[in-house]
Amino acid sequence: MTVTEPVADFIAHIADQEPPAHTTRYSLDSESYSADYAVLRASGELDMSARVDFVETLDRMATENAHVRVDLSEVSFMYSGVANAIIDNARINDGTVSVFAPTRPVRMILDVLGGGDLVVDQ
3 MTVTEPVADF IAHIADQEPP AHTTRYSLDS ESYSADYAVL RASGELDMSA RVDFVETLDR
63 MATENAHVRV DLSEVSFMYS GVANAIIDNA RINDGTVSVF APTRPVRMIL DVLGGGDLVV
123 DQ
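Residue 3 is where the sequence shown starts when you use this note's numbering, and the numbers rise one by one after that.
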């Protein structure tokens with residue numbers, strides 16, 4: 003393969019640039035109301051980059067509280083790995099975790115993965 007000068011110049015130009023800053027497209031807020039009850043509020047896009055933060059926060063909250071409600075009312079997209087983390091955490095912690103107000107796309111993912119029973123109305 004022959005690299006022409008314009009291509010070589012372009013590659014050199016790209017190599018000299020700083021990588022673009024990563025913008026966070028999600029937020030996680032935790033509120034503990036008592037030792038028995040806490041809420042994890044998620045918003046934005048829970049994609050692959052959010053999975054580690056989400057799992058760490060949910061695991062910590064599930065060990066510190068008797069019941070954790072995950073509010074997904076402001077989530078526009080959820081990666082299946084995040085959905086599986088919620089489902090697995092609920093199964094491991096014997097019902098400690100429940101889901102509140104998932105958006106329609108999020109609810110569909112939970113249903114397909116077998117976590118529809120985690121959704122509560124209040």
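Idealized CB from N, CA, C, for every residue including glycine.
So, are the CB atoms of residue i and residue j less than 8 Å apart?
| i | j | result |
| --- | --- | --- |
| V77 | L48 | yes |
| I103 | S75 | The question names Ile, but residue 103 is Ala in the sequence shown. Their beta carbons are under 8 Å apart, which means A103 touches S75 by this criterion. |
| T105 | H69 | no |
| G46 | I88 | no |
| V101 | V72 | yes |
| N67 | S34 | yes |
| G83 | M110 | no |
| M80 | V122 | no |
| T59 | L42 | yes |
If I follow the unbroken beta strand (DSSP E) through residue i, where does it start and stop?
| i | result |
| --- | --- |
| D113 | D113 -> not in any beta strand (DSSP E); alpha helix (DSSP H) instead, spanning R106 to V114. |
Just verifying my parser: in three-state terms, what is the DSSP assignment at residue i?
| i | result |
| --- | --- |
| S36 | coil |
| A64 | helix |
| A52 | helix |
| G118 | helix |
| S75 | strand |
Rounded C-beta distance between residue i and residue j? I'm assuming under 8 Å.
| i | j | result |
| --- | --- | --- |
| Y28 | A40 | Not quite, the Cβ-Cβ distance comes to about 19 Å (not below 8 Å), so this is no contact. |
| A64 | N91 | 6 Å |
If you follow the alpha helix (DSSP H) that residue i is part of, which residue opens it and which one closes it?
| i | result |
| --- | --- |
| D90 | S82 to I94 |
With hydrogens ignored, establish whether the beta-carbon of residue i is closer than 7 Å to any heavy atom of the ligand GTP.
| i | result |
| --- | --- |
| T65 | The ligand GTP is not part of this structure, which contains no ligands at all. |
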